[in-house]
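Numbering (the numbering used here), first residue to last: 2 to 145. The next block holds one structure in the form of structure tokens; read it before the comments.
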């Protein structure tokens with residue numbers, strides 16, 4: 002009988018538990034939609050993130066609906082997709098358009114103002130801890 006030698010088994014790398022190291026990871030991106038016709042319906046989980054998402058959405062929607070009323074003569078049917086980041090303090094930063102169809106400059110302007118002027122509260126403590134001071138990415142579709 003021929004003796005078979007075992008080949009060495011590969012070692013499995015252990016996960017790095019060094020708190021000074023954090024890979025390039027995104028915690029979450031929230032996607033939402035706001036429409037001029039009717040009230041927006043949210044499908045959010047009953048979790049700290051879901052409850053905060055509902056608060057943020059409501060604050061932005063209220064400001065946006067006010068702006069739609071103020072500038073109704075300049076509205077054409079279409080949509081805007083806007084990406085922005087929300088700091089744990091509730092401060093909005095890095096707002097940019099990532100998609101659009103048939104919208105004018107006035108619509109873009111008052112949509113940006115609605116996001117910037119919305120009274121967004123700071124993240125709850127549980128979310129601040131979960132996101133470790135990282136901003137929350139949000140992508141909203143605004144339908145005119």
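A virtual CB, placed ideally from N, CA and C, is assigned to each residue, including glycine. Computed from a predicted structure; not experimentally measured.
Extent of the continuous alpha helix (DSSP H) to which residue i belongs
| i | result |
| --- | --- |
| residue 116 | 106 to 118 |
| residue 61 | 49 to 71 |
| residue 130 | 126 to 132 |
Sub-8 Å separation of residue i and residue j beta-carbons
| i | j | result |
| --- | --- | --- |
| residue 145 | residue 65 | no |
| residue 112 | residue 93 | no |
| residue 96 | residue 117 | yes |
| residue 141 | residue 48 | no |
Start and end residues, beta strand (DSSP E) containing residue i
| i | result |
| --- | --- |
| residue 138 | 137 to 144 |
| residue 101 | 93 to 102 |
| residue 85 | 80 to 87 |
| residue 30 | 30 to 36 |
Distance, residue j Cα to residue i Cα
| i | j | result |
| --- | --- | --- |
| residue 131 | residue 74 | 43 Å |
| residue 50 | residue 98 | 24 Å |
| residue 102 | residue 76 | 12 Å |
| residue 24 | residue 78 | A caution first: residue 24 carries a pLDDT of 46, below 50, which makes its placement in the model too unreliable to give a value. |
| residue 137 | residue 67 | 25 Å |
| residue 58 | residue 114 | 15 Å |
Nearest residue (CA-CA) to residue i, options the options
| i | options | result |
| --- | --- | --- |
| residue 134 | 113, 87, 69 and 59 | 87 |
| residue 100 | 47, 136, 109 and 49 | 109 |
| residue 36 | 107, 61 and 128 | 61 |
| residue 127 | 63, 67 and 53 | 53 |
| residue 125 | 34, 32 and 55 | 55 |
For residue j and residue i, believed in contact at Cβ under 8 Å, the rounded distance
| i | j | result |
| --- | --- | --- |
| residue 80 | residue 139 | About 16 Å separates the two Cβ atoms, so there is no contact after all. |
| residue 123 | residue 89 | 6 Å |
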